[in-house]
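Those letters in the sequence shown? Residues -24 to -1, 1 to 697, by mature numbering (1 follows the signal peptide of the UniProt record, and there is no 0).
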Amino acid sequence: MRWREIGLLVALLALAHFAPGVQGNSKMQHGAKLMLMEELRKANIGRDVWAHIPKNKRSVWEAHDGRTINETLASFTDIPVDIVVHIKLIGFDGDGINHVKVDEAALTRYLRGLHLDLQTAVLEPELKHLSLRPRVHFRVSKAPVSLTHRVAGVLTSFIFGAMQGKRPATVYVPHRVVDDVLAAEEAGLQPGSTHAYHAAPSSEGGGSDPAHLPALLTLYVLNLEPPASADYLYTYKEEDAVVAAGNWSEFRSCPGALFASEARAGGGGSLAWVDLAAAPHSYGPLRGGQGQVFPHSLPHATAFLPAAASTAILPDLAALAAGAVSHLAWPALQHGDLALPNKDGGDDLEVQIIHIHDTLAVPPRSVDLEVLRQQLAGALAGSLMAVQVKEHFLAFAMCDLCVNAYTNALRVRTQRQEGSNVVASAGQILDRLVLHTTLAEYSEIILAYAGVHQTHNVLPVFVFDLSLRDEPLLLDGALQAAAFPGMVIAVASRAAPVRTRFSCGHMPRSLQPEDATRAVLGAVLQSAFGAPHTAQRYSPASGPGWNYLWALGATPHGPLSSLTTLSVASGAAVGRNLALAELERHVGRVAAVLHGLNKLSPPHKSSLKWAIERTDLRNRVTARLNVAAVKLEMAVSALSAGRNAEALRLARHLSTDASALERAALQLDAQLTQELACRGGTDWTVLLWPPAGSLVAVVAALWWRSRGARLKAEARYDKIY
């Protein structure tokens, strides 16, 4: 027993001896990391921060962290991004429909039980997942009583005012009535402050709620009792005379019960709201197309028994929050071929709108350039990239290639008129794939005809202005504009409004063929920045799909809306996609080097010590990996907080470390090649041994055979005599 006590005392003394050194080393590493982070915040793009670190301070970064190559590789191929979605409830404290009283803790349990296995998906040209994946944390709180009273007050005042002297079947409330109140509430919140909330930790192993992060999306859910039990819906910038008539087929935008706001939430994230007390509503593709919204698609408290409503509505609220995440907070990327900054010299993207018209004179404007400039500039505000929008006019008479592309894409199709089961008609359409194939082959020549030279990042937008046509002409018979990587194609004509394959409350929707501004805006966002259609969704379990619930209001996609403004969520997707694409490119380069180093290490010994024998080269690789890990950590932190421009800048800084690692890998490869050449060195005389040896063997075999034949002959002769 005494010897065990003596051994324990010796161990404690040894630990006390080494502890100050270990603690000091840890402090040095932490201090070096803070200095590097501070330097990165003010460093210009292209400046190699590591190269400016004094040599006497590089030893901290050259220290190995003890991880294997596989573990280091995993940190660059599976990168979680923590994001926060804040759900704020109004009218769920027993003061709303059916006296529903939702407990925040109970809702957080359902949100945690969603098990959102989200991935950052790229949908085209083939489906793939990026290294960075979202890890969602939900917060749930009830709005202050003062906010509840303000929202209820403005709704009651407007609805009673609209019902004076008449009893309409549905009251149409401008969305600004509620949106302005909620936006003012969020603007009044101090930065970093919020109401008391319950947190639902991520079910993907994210641990506790990251309290330091602002909400990437703030979603208000309203359940207030309608005044006088009136049915009401929200309209989106409609004229008063059209609203008073109440004919949905003349509404420029389909009315709804929700809105993704153009204002920001208190923490700088996106703001959206859903009013569950609004009248049940349906809209989306005709004939029961995928993504159709039905009256029961939103949870209404009246659909539940009063005694069970408070509990039964919880799963539906959780599903509503999950849908908002996939459409507003973290949508998929349409494609990965983005117009990244500094790709072909210069950080500006030139959107060149080429009006290809069938008249000799310049046709009426079908695209509002000022709207495009304003919305694109807002989406890229604070980013490294700027956008210039220019236009040129090119007549059919001056461009035979344009005529060739147009005529080759013309097709005749017979179909029923939308909304009719009997009447069939034949009409012309433009095959968008055929048109794209021809334009892609001759785009440089056509741009030269228009006076555009591709010396910068140029996104051509070919708009076919067909003023001489009285009949409508659409791409594939349904689209005004189509997005392709590196190109946008649109068509405009002076035809009458065209019925689309979408309905709003069982009324067919129409679009105006003479104005292609909104369609071109959405296509530019898709082509240059990979921003998907608002209704596009992706789930690892079911794959890509559609849900048109959020395809209303401030969105440039689809015929259900006519607004040419972008919600904050749509604009944020642009900056996020640029940062994601840049990060994926450089992280992939680092991962490729680690893959190669892992092949050099022996089995079951995945370590840089075994992969790189030279100490100086191994130290340089270790330092670069450590610096790259810090940059990646900072970029991911910026993405989590919605600081997409900062994330893009830090992603650009990663390129210096990726290039340095690739140079080290090439140096190691050259060293290995030299060693192999030295060990396998040969003399010219070696080339003579195979033929000489073969000749000697043949001569010996012939001699042996002739000797054997002679001996047999002599033996036979002796027997005779």
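Backbone N, C-alpha and C define an ideal beta-carbon position, used for all residues, glycine too. These figures come from a predicted structure and were not determined experimentally.
In this structure, does DSSP put ILE45 in helix, strand or coil?
Shown here, ILE45 sits in a helix according to DSSP, grouped into three states.
Same chain, Cβ closer than 7 Å to ASN380, neighbours up to 5 away in sequence not counted:
Close CB contacts of ASN380 within its chain, under the 7 Å cut and outside five residues either way in sequence, are with THR414 (chain order).
Hey, quick one: how far does the alpha helix (DSSP H) through THR598 stretch, first residue to last?
Unbroken alpha helix (DSSP H) run through THR598: 591 to 616.
Segment limits, beta strand (DSSP E) that includes HIS311:
Unbroken beta strand (DSSP E) run through HIS311: 309 to 311.
One or two residues paired with ASP54 in a DSSP bridge
DSSP lists no beta-bridge partner residue for ASP54.
Under the three-state reduction of DSSP, which class applies to ILE21: helix, strand or coil?
In the structure shown, ILE21 sits in coil (DSSP, three-state: anything other than H, G, I, E or B).
Does the distance from the C-beta atom of MET374 to that of ASP324 stay below 9 Å?
Not closer than 9 Å, so no.
Once the 5 residues before and after ARG565 are set aside, which same chain residues still bring their CB inside 7 Å of it?
ALA634, GLU638.
Using the Cβ count rule (16 or more neighbours within 10 Å means buried), how would you classify HIS91?
With fewer than 16 other beta carbons inside 10 angstroms of its own, HIS91 counts as exposed.
Taking the alpha-carbon positions, what's the THR44 to SER583 distance?
Rounded to whole angstroms, THR44 to SER583 spans 5 Å at the Cα level.
Per DSSP, GLY529 is paired with what?
DSSP output for GLY529 lists no bridge partner at all.
For PHE438, tell me which candidate among HIS125, GLY232, PRO461, ILE329 has the shortest Cα-Cα distance.
For the options HIS125, GLY232, PRO461, ILE329, the alpha carbon positioned closest to that of PHE438 is the one of ILE329.
Find out if the Cβ-Cβ distance for the pair LEU487, VAL467 is shorter than 9 Å.
Taking 9 Å as the cut-off, the Cβ atoms of LEU487 and VAL467 do not count as close.
For SER486, which of helix, strand or coil comes out of DSSP?
SER486 sits in a strand when the DSSP states are folded into three classes.
Taking buried to mean at least 16 other C-beta atoms within 10 Å of its own C-beta, is PHE270 buried or exposed?
With fewer than 16 other Cβ atoms within 10 Å, it is exposed.
Counting only runs of 3+ residues fully inside the stretch 447 to 523, write out the beta strand (DSSP E) ranges in chain order.
Here the runs fully enclosed are 457 to 460, 463 to 469, 474 to 480, 483 to 487, 512 to 515, 519 to 522.
Which first and last residues belong to the alpha helix (DSSP H) in which THR84 is found?
First-last of the alpha helix (DSSP H) with THR84: 80 to 88.
Give a yes or no on whether the C-beta atoms belonging to ARG513 and PRO307 are separated by under 9 Å.
Contact flag set, yes.
Taking its Cβ as the centre, do 16 or more other Cβ atoms sit within 10 Å of residue 701, making it buried, or is it exposed?
Residue 701 cannot be examined here, being either before or after the span of the chain that is shown, -24 to 697.
Our contact map puts ASP452 next to ILE405 with C-beta atoms below 8 Å; I'd like the distance itself, whole angstroms only.
Confirmed, Cβ separation roughly 6 Å.
Closest residue to ARG111 among SER122, ALA119, ARG88, VAL130 (Cα-Cα distance):
For the residues SER122, ALA119, ARG88, VAL130, the minimum Cα distance to ARG111 belongs to ARG88.
Pull up the distance between the alpha-carbon of VAL25 and that of ARG594, whole angstroms please.
When rounded, the distance between both Cα atoms is 19 Å.
Under a three-way DSSP split, which group does ASN199 fall into?
ASN199 falls in the coil class under three-state DSSP.
For the stretch 364 to 391, list the alpha helix (DSSP H) runs that are entirely contained and at least 4 residues long, ordered along the chain.
List check, alpha helix (DSSP H) in window: 376 to 385.
Determine, for LEU637, whether the minimum Cβ-Cβ distance to residues of chain B falls below 9 Å.
You won't find chain B in this structure, because it holds only one protein chain.
PRO520 versus ALA160, ILE422, ARG485, ALA511, residue with shortest Cα-Cα distance
Comparing alpha-carbon positions, the option among ALA160, ILE422, ARG485, ALA511 lying closest to PRO520 turns out to be ALA511.
What first and last residue would you give for the alpha helix (DSSP H) that runs through PHE136?
That run of the alpha helix (DSSP H) goes 121 to 138.
Run the CB neighbour count on GLN502, radius 10 Å, all protein chains shown included, and call it buried at 16 or more, exposed below.
Note on GLN502: 16 or more other CB atoms within 10 angstroms of its CB, so buried under the neighbour-count rule.
Restricting to Cα atoms, I'd like to know which of PRO30, LEU108, LEU49, THR390 is closest to ALA627.
Nearest Cα to ALA627 within the set PRO30, LEU108, LEU49, THR390: LEU108.
For HIS331, three-class secondary structure by DSSP:
If DSSP states are grouped into helix, strand and coil, HIS331 belongs with the strands.
Given VAL563, which residues of its chain have a CB within under 6 Å of its CB, disregarding the five upstream and five downstream residues?
Taken in chain order, the residues that qualify are PHE52, SER107.
Could you name the residues that DSSP lists as bridge partners for TYR148?
Answer by DSSP bridge pairing, in chain order: LEU209.
Can you tell me whether TYR223 is buried or exposed? The criterion is at least 16 other CB atoms within 10 Å of its CB, across all chains shown.
In the sequence as displayed, the identity of residue 223 is Asn instead of Tyr. Exposed: under 16 other Cβ atoms inside 10 Å.
Cβ pair count under 8 Å reaching 3, the stretch 30 to 50 against the stretch 601 to 610:
Contact check between the stretch 30 to 50 and the stretch 601 to 610: three or more CB pairs, one atom from each, fall below 8 Å, which counts as touching.
Please determine if the stretch 491 to 501 and the stretch 257 to 266 are in contact, where contact requires at least 3 C-beta pairs separated by less than 8 Å.
With the cut-off at 8 Å, the stretch 491 to 501 and the stretch 257 to 266 do not touch.
Is the beta carbon of THR194 closer than 9 Å to that of ALA254?
With respect to THR194, ALA254 sits apart: the two C-beta atoms are not nearer than 9 Å.
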